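*Asks:*
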Amino acid sequence: MGVKEPNKRPEDERQGRLRVARRLVVKVGTSTVTGPQGELCNERVEPIVGSTARLMADGRQVVLVSSGAIGLGRNLLGLHHSRLHDMVTKQACAAVGQSLLMEAYKNLFAAWGVRVAQVLLTEEDFTNWGRYTNLRRTIERLLGLKVLPIVNENDTVSTRELESVASRTRNVPFSDNDRLAALVMSGLEADALVLLTNVDGLLARSVSETGGTSNKRALSEVIPLIEEVTAELKNLAAGPSPSGRGGMITKLEAAEIAMNCGGTAVIAPHFCLPNGSEENGGGLLTLPRCGGEQSWIKERNGQSHREKRACLFQALFGSTDHSPRWMLSALSIATGMSSRAASLIARATMSKMELQRKILDRPRDGGRRVFSSDAITLFCCRDHDLRFPTTPTIGCR
Numbered sequence: 068m069g070v071k072e073p074n075k076r077p078e079d080e081r082q083g084r085l086r087v088a089r090r091l092v093v094k095v096g097t098s099t100v101t102g103p104q105g106e107l108c109n110e111r112v113e114p115i116v117g118s119t120a121r122l123m124a125d126g127r128q129v130v131l132v133s134s135g136a137i138g139l140g141r142n143l144l145g146l147h148h149s150r151l152h153d154m155v156t157k158q159a160c161a162a163v164g165q166s167l168l169m170e171a172y173k174n175l176f177a178a179w180g181v182r183v184a185q186v187l188l189t190e191e192d193f194t195n196w197g198r199y200t201n202l203r204r205t206i207e208r209l210l211g212l213k214v215l216p217i218v219n220e221n222d223t224v225s226t227r228e229l230e231s232v233a234s235r236t237r238n239v240p241f242s243d244n245d246r247l248a249a250l251v252m253s254g255l256e257a258d259a260l261v262l263l264t265n266v267d268g269l270l271a272r273s274v275s276e277t278g279g280t281s282n283k284r285a286l287s288e289v290i291p292l293i294e295e296v297t298a299e300l301k302n303l304a305a306g307p308s309p310s311g312r313g314g315m316i317t318k319l320e321a322a323e324i325a326m327n328c329g330g331t332a333v334i335a336p337h338f339c340l341p342n343g344s345e346e347n348g349g350g351l352l353t354l355p356r357c358g359g360e361q362s363w364i365k366e367r368n369g370q371s372h373r374e375k376r377a378c379l380f381q382a383l384f385g386s387t388d389h390s391p392r393w394m395l396s397a398l399s400i401a402t403g404m405s406s407r408a409a410s411l412i413a414r415a416t417m418s419k420m421e422l423q424r425k426i427l428d429r430p431r432d433g434g435r436r437v438f439s440s441d442a443i444t445l446f447c448c449r450d451h452d453l454r455f456p457t458t459p460t461i462g463c464r
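68 is the number of the first residue of the sequence shown in my numbering; add one for each residue after it.
#1: Does the pairing of the stretch 172-191 with the stretch 85-93 give three or more beta-carbon distances under 8 Å?
#2: Does the distance from the CB of residue 244 to the CB of residue 207 come in under 8 Å?
#3: So for residue 113, helix, strand or coil by DSSP?
#4: Quick one: Cα of residue 85 to Cα of residue 169, how far?
#5: With a threshold of 16 other CB atoms inside 10 Å of the CB of residue 141, please say whether the residue is buried or exposed.
#6: Runs of 3 residues minimum, wholly inside the stretch 145-227: which ones carry the beta strand (DSSP E) assignment?
#7: Report yes if the C-beta distance between residue 96 and residue 264 is below 8 Å; otherwise report no.
#8: Thinking just about the alpha-carbon of each residue, which of 185, 160, 183 and 144 is nearest to the one in residue 40?
#9: Hey, is the stretch 245-252 in contact with the stretch 128-136, meaning 3+ C-beta pairs nearer than 8 Å?
#10: Could you check the C-alpha separation between residue 329 and residue 246 for me, to the nearest Å?
#11: Report the rounded CA-to-CA distance for residue 224 versus residue 110, giving the unit in angstroms.
#12: Tell me, please, which residues DSSP counts as bridged to residue 378.
#13: Looking at the structure shown, is residue 93 part of a helix, part of a strand, or coil, going by DSSP?
#14: Tell me the rounded alpha-carbon separation between residue 218 and residue 315.
#15: From residue 87 to residue 181, what distance separates their C-alpha atoms?
#16: Quick one: Cα of residue 150 to Cα of residue 158, how far?
#17: Quick one: is residue 213 buried, meaning 16 or more other Cβ sit within 10 Å of its Cβ, or exposed?
#18: Kindly indicate which three-state DSSP category residue 293 falls into: helix, strand or coil?
#19: Is DSSP giving residue 105 helix, strand or coil here?
#20: Rounded C-beta distance between residue 144 and residue 167? I'm assuming under 8 Å.
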């Protein structure tokens, strides 16, 4: 009934939701995949590869959404980041770096016996029903063949995002692949979206008194459980990523998309996922800092505090089929409206379509059907008689 267990900790709820997830979309950003100069950060990528491979060995289906192509291309070409202000240079770096990114993943996953596939997407793949359906079928088949799809935006041909980011507008289809990962999660009806970062989850500011005096200091604590994305939370998440195109705000927006399509989202620098082993808390993924400095778990009073650095976003609705999910994706991209508004419109539209199907179903006796004026208005926004080709006249009383 959706009632939480008494005294249940957010860490336990997060762990439980991820343990039962059978299909996951895991997203890693530029600042996680690459180092300061755009070089591949093996210290961070290798643990992600190992954890993903263990998830697949346990029978889970995983889709990896990975950024980093532009950074890797820039590093190979020896370009300073200040040279990436023009569109063509960014696209050239993406073309060079994408092959390097896939080659790295291919070699790393091969050590675990995992085969990988490259899937490059643009916004049209989510706004066009035919392309959306083909994309869905292709990834479904890859998952059925035990192949790991590695998704990235096709920056060499898709310019709208780079142009939008350059102009600092908020109406962008993908931002550092955060929205892309959420749309993939929605389209595949995945159970969970995991957004990995090189920082903690969403931080809340609080004030604490020190030394029993009136002196107060500001503290930053990770919000462990979020049931609704509010304007206040978006203000807390404001600010871009120094190396990527996104930031915490885009991750918050991606998590909101996941919530509105019936999924669970997690933002974390490291997280626990079920991988078929109870060791290390059922599969802990730890992201070390690039450069060899390990971000190990600090123990305090015999208890680990690693789980307190992740945010869990609860689903707002029950899971839905892929038709309203596609509408949510298309509306969100084409109009720039919030995922909440797009979700409500998509659900209302599907309700109208279901009513239309019932109206168009010819009665067995071939007779006339009568519907209330409210039902007719819901379907077509008018209350007079409707006539459909090859169907009997529908009266309104």
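Ideal Cβ placement from N, Cα and C applies to all residues, glycine included.
Just so you know, these numbers come straight off a predicted model, no measurement behind them.
*Replies:* Judging by the given coordinates:
#1: no
#2: no
#3: helix
#4: 27 Å
#5: buried
#6: 182-188 and 214-220
#7: yes
#8: Nothing about residue 40 can be reported from this structure: the residues present for the chain run from 68 to 464 only.
#9: yes
#10: 16 Å
#11: 31 Å
#12: 334
#13: strand
#14: 20 Å
#15: 22 Å
#16: 12 Å
#17: exposed
#18: strand
#19: coil
#20: Rounded, the Cβ-Cβ distance is 11 Å, inconsistent with contact.
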